[in-house]
Every structure is written in structure tokens, then in C-alpha cells.
Amino acid sequence: MSEKQTHTPGPWRVTEDANGFAVSWLNSPGLAGRIAKVNSGQIEQEANAHLIAAAPELLKALVAIVAVADRKTAEFDLARAAIAKARGTTP
Numbered sequence: 112m113s114e115k116q117t118h119t120p121g122p123w124r125v126t127e128d129a130n131g132f133a134v135s136w137l138n139s140p141g142l143a144g145r146i147a148k149v150n151s152g153q154i155e156q157e158a159n160a161h162l163i164a165a166a167p168e169l170l171k172a173l174v175a176i177v178a179v180a181d182r183k184t185a186e187f188d189l190a191r192a193a194i195a196k197a198r199g200t201t202p
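Just so you know, the numbering used here puts the end of the sequence shown at 202, numbered straight through with nothing missing.
See the structure below:
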């Protein structure tokens with residue numbers, strides 16, 4: 112893949128309907144779109160939807176932490192691996 116991948120800009124939000132939870136973004140008034148649909152039926156589904164919705168902020172925070180305090184530790188190895196996975200650059 113030669114093109115740099117980027118995600119849909121946040122913030123993302125969770126809404127509920129009769130079939131489950133939708134994760135969508137609202138970039139400006141009248142401009143919105145769905146990111147993911149999480150079906151209802153299991154207790155974890157709402158938590159899954161909220162975790163998906165938090166992804167842009169989590170990635171931004173993790174990148175900032177690593178940039179400021181990068182260490183050669185197993186914990187920072189996990190952080191760098193999670194950043195790479197989120198960016199689609201894992202081997």
C-alpha cells in the first residue's frame with residue numbers, strides 16, 4: 112500500500128436504535144456518516160460501540176504520550192505496536 116491511510120476525523124458518537132448501536136461522526140452541521148454498526152443482543156455491545164467511538168481520541172493521546180516520553184520498555188513497545196496497528200502499518 113503506497114498511499115498513507117487516514118481515518119475519518121472525530122469526534123465520533125454512539126447512538127442507539129432498535130437494532131443496536133451506531134458509531135458515526137459529525138464533522139460539521141448537516142455532514143455526518145456512519146463508521147460502524149454494532150448489533151444488540153449481548154451485554155458487551157454497547158461497550159464495544161463506545162470503545163470504537165473513542166478510537167480517534169485514544170490514538171491521538173497514545174501518539175502524544177509516546178512522542179513526549181518514549182522509553183525502551185515493554186509497555187512502550189505495546190504502545191508503538193498499537194499505534195502501528197491503528198495506522199494499518201503492522202507487518
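Using N, Cα and C, we set each Cβ at its ideal position, and we do this for glycine too.
Between the beta-carbon of I194 and that of L170 there is about 7 Å, and that keeps the pair under the 8 Å contact cut.
Distance from the Cα of T119 is smallest, within the candidate group A165, R182, A190, D128, for A165. Between the alpha carbons of A133 and V179 lies a distance of about 34 Å. Membership of D128 in the beta strand (DSSP E) is indicated by the continuous run 123–128. With a threshold of 16 other beta carbon atoms within 10 Å, A160 meets it and is buried. Per DSSP, D181 lies in no alpha helix (DSSP H) and is assigned neither H nor E.
Rounded to the nearest angstrom, the gap between the Cα atoms of I146 and T201 is 22 Å.
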